[in-house]
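Here's the structure, in structure tokens; my notes come after.
Protein chains: 2
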Amino acid sequence: MSEFDLIRDYFRWDQPPDSVRVGVGDDAAILRVPAGSELVVSVDTFNAGIHFPHETPPHAIGYKALAVNLSDLAAMGATPAWFTLAISLPQADAQWVAELARGMRELAQQHNIFLVGGDTTRGALSITVQVMGFVPCGAGLLRSHAQHGDLIAVSGTLGDAAAGLAVVQQRLQLPIAAADYCVQRLNYPTPRNALSHLLQQHAHACMDISDGLLADLGHILQASGVGARLDHELLPWSEALQAMPQAQRLGFALSGGDDYELLFTVPPDALAALIMAANVVGVRITVIGEVDKMQQGLLMNHRLSDGRRGYEHFSSE
Amino acid sequence: MSEFDLIRDYFRWDQPPDSVRVGVGDDAAILRVPAGSELVVSVDTFNAGIHFPHETPPHAIGYKALAVNLSDLAAMGATPAWFTLAISLPQADAQWVAELARGMRELAQQHNIFLVGGDTTRGALSITVQVMGFVPCGAGLLRSHAQHGDLIAVSGTLGDAAAGLAVVQQRLQLPIAAADYCVQRLNYPTPRNALSHLLQQHAHACMDISDGLLADLGHILQASGVGARLDHELLPWSEALQAMPQAQRLGFALSGGDDYELLFTVPPDALAALIMAANVVGVRITVIGEVDKMQQGLLMNHRLSDGRRGYEHFSSE
Numbered sequence: 001m002s003e004f005d006l007i008r009d010y011f012r013w014d015q016p017p018d019s020v021r022v023g024v025g026d027d028a029a030i031l032r033v034p035a036g037s038e039l040v041v042s043v044d045t046f047n048a049g050i051h052f053p054h055e056t057p058p059h060a061i062g063y064k065a066l067a068v069n070l071s072d073l074a075a076m077g078a079t080p081a082w083f084t085l086a087i088s089l090p091q092a093d094a095q096w097v098a099e100l101a102r103g104m105r106e107l108a109q110q111h112n113i114f115l116v117g118g119d120t121t122r123g124a125l126s127i128t129v130q131v132m133g134f135v136p137c138g139a140g141l142l143r144s145h146a147q148h149g150d151l152i153a154v155s156g157t158l159g160d161a162a163a164g165l166a167v168v169q170q171r172l173q174l175p176i177a178a179a180d181y182c183v184q185r186l187n188y189p190t191p192r193n194a195l196s197h198l199l200q201q202h203a204h205a206c207m208d209i210s211d212g213l214l215a216d217l218g219h220i221l222q223a224s225g226v227g228a229r230l231d232h233e234l235l236p237w238s239e240a241l242q243a244m245p246q247a248q249r250l251g252f253a254l255s256g257g258d259d260y261e262l263l264f265t266v267p268p269d270a271l272a273a274l275i276m277a278a279n280v281v282g283v284r285i286t287v288i289g290e291v292d293k294m295q296q297g298l299l300m301n302h303r304l305s306d307g308r309r310g311y312e313h314f315s316s317e
Numbered sequence: 001m002s003e004f005d006l007i008r009d010y011f012r013w014d015q016p017p018d019s020v021r022v023g024v025g026d027d028a029a030i031l032r033v034p035a036g037s038e039l040v041v042s043v044d045t046f047n048a049g050i051h052f053p054h055e056t057p058p059h060a061i062g063y064k065a066l067a068v069n070l071s072d073l074a075a076m077g078a079t080p081a082w083f084t085l086a087i088s089l090p091q092a093d094a095q096w097v098a099e100l101a102r103g104m105r106e107l108a109q110q111h112n113i114f115l116v117g118g119d120t121t122r123g124a125l126s127i128t129v130q131v132m133g134f135v136p137c138g139a140g141l142l143r144s145h146a147q148h149g150d151l152i153a154v155s156g157t158l159g160d161a162a163a164g165l166a167v168v169q170q171r172l173q174l175p176i177a178a179a180d181y182c183v184q185r186l187n188y189p190t191p192r193n194a195l196s197h198l199l200q201q202h203a204h205a206c207m208d209i210s211d212g213l214l215a216d217l218g219h220i221l222q223a224s225g226v227g228a229r230l231d232h233e234l235l236p237w238s239e240a241l242q243a244m245p246q247a248q249r250l251g252f253a254l255s256g257g258d259d260y261e262l263l264f265t266v267p268p269d270a271l272a273a274l275i276m277a278a279n280v281v282g283v284r285i286t287v288i289g290e291v292d293k294m295q296q297g298l299l300m301n302h303r304l305s306d307g308r309r310g311y312e313h314f315s316s317e
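First to last, the sequence lines map onto chains S and R. Sequence positions in the first sequence follow full-length UniProt numbering and run 1 to 317. Sequence positions in the second sequence follow full-length UniProt numbering and run 1 to 317.
Encoded structure:
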């Protein structure tokens, strides 16, 4: 398996930070967690043909495998520190692996997260990344802390990645610029770690949107034992989706998934400060609903400010 | 993918220990590393047809996927604390997964290691386990700390698992009891975490034997910049291999792999105390050579106490 050993060279990037006492090369890594911090850990597997089309460029695969894991750290309010990487490859293709490593490295350097261990082996194409980070003790953002009266908000725009997948799978035709934008959002999601620091101060509950707004909001509602009202006319759209029929883009946003935007609840009196701070780090925040004081489940198409209209009911069960 | 969500139920075992602030069910786990400790992290992937024959019982697959990772913690002198599990499955087979979980749980409970996160997805059968544990700050056992004058020793017996694989692959015939023993050693290796605590006090360098004695000792010699003399007549054999021609069992031990015994170097004056303590935890220790004062690489078949005989030379490069 010496060809696989050579692959390690593509993942030797930089001098390790001080937090890494022993990095790649021994039986295990030895790492220092700062005093006063808790360790935050998440793992995601990324399989060819399931999580990405086989023809996805390796640069995008490397980028996204790390991005979706960074997004989990963001959803907890955690600062990225280290990651491990387990790759299974049908054969050791040096060029392909070099591109995978390049995509991963670009994002790793942006987020100051360091590779501390891994395993490279023969098998069907599969990439498992485990990220580790820190939060100050007790400051982790949980799904279960939504409170009656909180506003419900999201970062960025929704539905773009699902539209991008439909373009790649030739189920959707868009103007070239819009199609390119959506495919880019599918392949290169932006983990919202910059926003996450601010949410740690202001938000009550938080998670990232990987399965679509309905399913993921359902997780928060269930974990917190509350209900919600959403106004679908408030959902934030990219220019690419703005021109699309409303029913179609709603489908992408509500159940499409792969957005990796943050979904969170925030008390009304903290909203202004949060939006201003988010503006400084260049992230758009949109209020789309509120935690319901009375009922469990989700009321859709409810106007926030001017009473009830027609609505659909989605159980969070 | 709701069938895959159901699989999580097989891995809900016990109440989490105090060190787990948030376990499975949020975007990430939140964990507490004790003050004065460093975090030790290792990851290994286990693919069907590569790391185990397709027909391996799922109970053994679950056990071994965790065992080989626990062995990496043992090799660092670390106390197991938590693990994550990423499984790819061709289909959601409840019975199969229940057996996998049972095998894993048995070993997890023995070693007091707790499952804190995971991912279950569709794909070719593949299991990636990441273990995390602690060592007191600065006390991790590295490959690079072998010193001139150290004795070289191993735990347990060598070559059994490689003989077991040869039996499974019908390349070797053994009496039934010996065949059963060797296949058992292949499928259910014993991670030497009990010994590891003692090595932390006495040993200089340590690693686990996964690729065979020659390759793995080579890693220690290279990392430490030293050479070694081995007396192959000192290698420890199980009863099952004792009856085998010497050349055959030497082949299994030297380059067969999958033993998951510990290989370590220890100063001569610490040996007696270490052997007595290891005896208490029921682990056999055998001195098989010494770190060479003069040269790099490995001298085989060198009698330790009565000067040189014929030897073979293996470079550690």
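Virtual Cβ for every residue (Gly too), placed ideally from N, Cα, C.
Neighbour-count burial assignment, S:Lys-293, 16 or more Cβ in a 10 Å radius: In the first sequence, the residue the question calls residue 293 of chain S occupies position 293. So S:Lys-293 ends up on the exposed side.
S:Val-41 - DSSP class collapsed to helix/strand/coil: Taking the first residue of the first sequence as position 1, residue 41 of chain S is located at position 41. Correct three-state label for S:Val-41: strand.
Interface flag, S:Arg-8 vs chain R, CB-CB below 9 angstroms: Working through the first sequence from its first residue, we reach residue 8 of chain S at position 8. No, because no Cβ of chain R sits closer than 9 angstroms to the Cβ of S:Arg-8.
Where R:Arg-12 meets chain S, residues with beta-carbon distance less than 8 angstroms: Along the second sequence, read from residue 1 onward, the residue named residue 12 of chain R stands at position 12. Those do not exist, as R:Arg-12 stays about 16 angstroms from chain S at its closest Cβ, beyond 8 angstroms.
CB contact check: S:Gly-149 to chain R, cutoff 9 angstroms: Numbered from 1 along the first sequence, position 149 holds the residue referred to as residue 149 of chain S. No - not a single Cβ of chain R is within 9 angstroms of the one on S:Gly-149.
Which listed residue (S:Ala-162, S:Ala-228, S:Gly-49 and S:Pro-136) has its alpha carbon closest to that of S:Thr-79: Sequence index remark: in the first sequence, residue 79 of chain S carries index 79 (1-based). Residue S:Pro-136 is the option with its Cα nearest to S:Thr-79.
Contact set between S:Asn-47 and chain R, taken where Cβ atoms lie within less than 9 angstroms: The sequence position of residue 47 of chain S within the first sequence is 47, counting from 1. What S:Asn-47 touches in chain R: Ser-88, Thr-121, Arg-122, Gly-123, Ala-124 and Ser-126.
Sub-9 angstroms separation of S:Leu-31 and S:Trp-82 beta-carbons: To locate residue 31 of chain S, count along the first sequence from 1; it is residue 31. To locate residue 82 of chain S, count along the first sequence from 1; it is residue 82. Cβ atoms of S:Leu-31 and S:Trp-82: closer than 9 angstroms.
Spatial distance of S:Arg-249 from S:Gly-159 (CA atoms): In the first sequence, residue 249 of chain S corresponds to position 249, counting from 1. In the first sequence, residue 159 of chain S corresponds to position 159, counting from 1. One C-alpha to the other measures close to 6 angstroms.
is_contact[R:Glu-317, chain S] using C-beta, thresh 9 angstroms: The residue you call residue 317 of chain R lines up with position 317 of the second sequence. Confidence in R:Glu-317 is poor, its pLDDT being 30 and thus under 50, which makes the residue's placement too unreliable to answer from.
Three-state secondary structure assigned by DSSP to S:Asn-112: By 1-based counting over the first sequence, the position of residue 112 of chain S is 112. Of the three classes helix, strand and coil, the one that applies to S:Asn-112 here is coil, per DSSP.
CB contact flag (R:Val-68, R:Pro-191, <9 angstroms): Mapped onto the second sequence, residue 68 of chain R falls at position 68. Mapped onto the second sequence, residue 191 of chain R falls at position 191. Yes, the Cβ-Cβ distance between R:Val-68 and R:Pro-191 is below 9 angstroms.
Runs of beta strand (DSSP E) wholly within the stretch 43-109 of chain S (minimum 3 residues, chain order): 79-89
Length-filtered (4 minimum) alpha helix (DSSP H) runs lying within the stretch 134-202 of chain R: 160-168, 176-187 and 193-202
Proximity test, Cβ basis, 9 angstroms: R:Asp-26 and chain S: Within the second sequence, residue 26 of chain R is the residue found at index 26, counting from 1. Chain S contact via Cβ: present.
Simplified DSSP state of S:Ile-30, which is helix, strand or coil: Here residue 30 of chain S refers to the residue found at position 30 when the first sequence is read from its first residue. In the structure shown, S:Ile-30 sits in a strand (DSSP, three-state: E or B).
Contact with chain S by residue 331 of chain R, beta-carbon distance below 9 angstroms: Any question about residue 331 of chain R goes unanswered here, given that chain R covers just 1 to 317.
Residues that R:Gly-117 bridges to, as DSSP identifies them: One-based indexing of the second sequence puts residue 117 of chain R at position 117. R:Gly-117 pairs with R:Thr-84.
Contact set between R:Ile-50 and chain S, taken where Cβ atoms lie within less than 9 angstroms: The count along the second sequence starts at 1 and reaches residue 50 of chain R at position 50. Residues of chain S passing the Cβ test: Ser-88, Thr-121, Arg-122 and Gly-123.
Where S:Gln-130 sits in the DSSP three-state scheme: Mapped onto the first sequence, residue 130 of chain S falls at position 130. In this structure, S:Gln-130 counts as strand in the three-state DSSP scheme.
Neighbourhood of R:Asn-187 by C-beta distance below 7 angstroms, restricted to the same chain and skipping five residues each side: Translated into positions along the second sequence, residue 187 of chain R becomes position 187. Here the set comprises Thr-56, Ala-60 and Lys-64.
Proximal residues of chain R, C-beta to C-beta of S:Gln-130 below 7 angstroms: Along the first sequence, one-based indexing puts residue 130 of chain S at 130. Chain R residues near S:Gln-130: Val-43, Thr-84 and Gln-130.
Host beta strand (DSSP E) of S:Arg-252 (start-end): On the first sequence, residue 252 of chain S is found 252 positions in, with the first residue counted as 1. Note that residue 252 of chain S is Phe in the sequence shown here, rather than Arg. Note, S:Phe-252: premise wrong, no beta strand (DSSP E); alpha helix (DSSP H) at 246-255.
CB contact below 9 angstroms: R:Arg-143 versus chain S: Position 143 of the second sequence, counted from the start, is the residue given in the question as residue 143 of chain R. It does: the Cβ of R:Arg-143 has a partner Cβ on chain S nearer than 9 angstroms.
For R:Ile-288, the first and last residue of its enclosing beta strand (DSSP E): To locate residue 288 of chain R, count along the second sequence from 1; it is residue 288. 285-292 is the span of the beta strand (DSSP E), which, as asked, contains R:Ile-288.
S:Asp-18, DSSP secondary structure in three states: Working through the first sequence from its first residue, we reach residue 18 of chain S at position 18. Residue state, collapsed to three classes: coil.
Residue nearest to S:Arg-122 in terms of C-alpha spacing, selected from R:Ile-127, R:Met-300 and R:Gly-138: In the first sequence, residue 122 of chain S corresponds to position 122, counting from 1. Closest option to S:Arg-122, Cα to Cα, is R:Ile-127.
Residue interval of the beta strand (DSSP E) (run including S:Met-300): Position 300 of the first sequence holds residue 300 of chain S. Run containing S:Met-300: 297-300, per the beta strand (DSSP E) assignment.
Cα-Cα separation between S:Ile-87 and S:Gln-95, rounded to whole angstroms: Residue 87 of chain S sits at position 87 when you count from the first residue of the first sequence. Residue 95 of chain S sits at position 95 when you count from the first residue of the first sequence. Each residue's Cα considered, the two are about 15 angstroms apart.
S:Gly-218 - containing alpha helix (DSSP H), residue span: Start at 1 with the first residue of the first sequence, and residue 218 of chain S comes out as number 218. It spans 213-224 - the alpha helix (DSSP H) in which S:Gly-218 sits, taken as one unbroken run.
DSSP bridge partner residues for S:Met-276 (one or two, in chain order): Against the first sequence, residue 276 of chain S aligns to sequence position 276. According to DSSP, S:Met-276 bridges with nothing at all.
Within chain S, partners of R:Gly-117 - CB distance below 8 angstroms: Sequence index remark: in the second sequence, residue 117 of chain R carries index 117 (1-based). Ordered by position in chain S, the residues that pass the 8 angstroms Cβ test against R:Gly-117 are Val-41, Ser-42 and Val-43.
Buried versus exposed, by CB contacts within 10 Å (16 or more), S:Gln-91: On the first sequence, position 91 is the one that residue 91 of chain S refers to. Label assigned to S:Gln-91: exposed.
Continuous alpha helix (DSSP H) stretch holding S:Leu-241: start and end: For this step, residue 241 of chain S is matched to residue 241 along the first sequence. From DSSP, the alpha helix (DSSP H) with S:Leu-241 extends over 239-242.
Chain R residues whose Cβ lies nearer than 8 angstroms to that of S:Leu-31: Position 31 of the first sequence, counted from the first residue, corresponds to residue 31 of chain S. Within 8 angstroms Cβ-Cβ: Glu-38, Leu-39, Val-40 and Val-41.
Per-residue DSSP class, three states only, for R:Leu-125: The residue given as residue 125 of chain R occupies position 125 in the second sequence. DSSP places R:Leu-125 in coil when its eight states are reduced to three.
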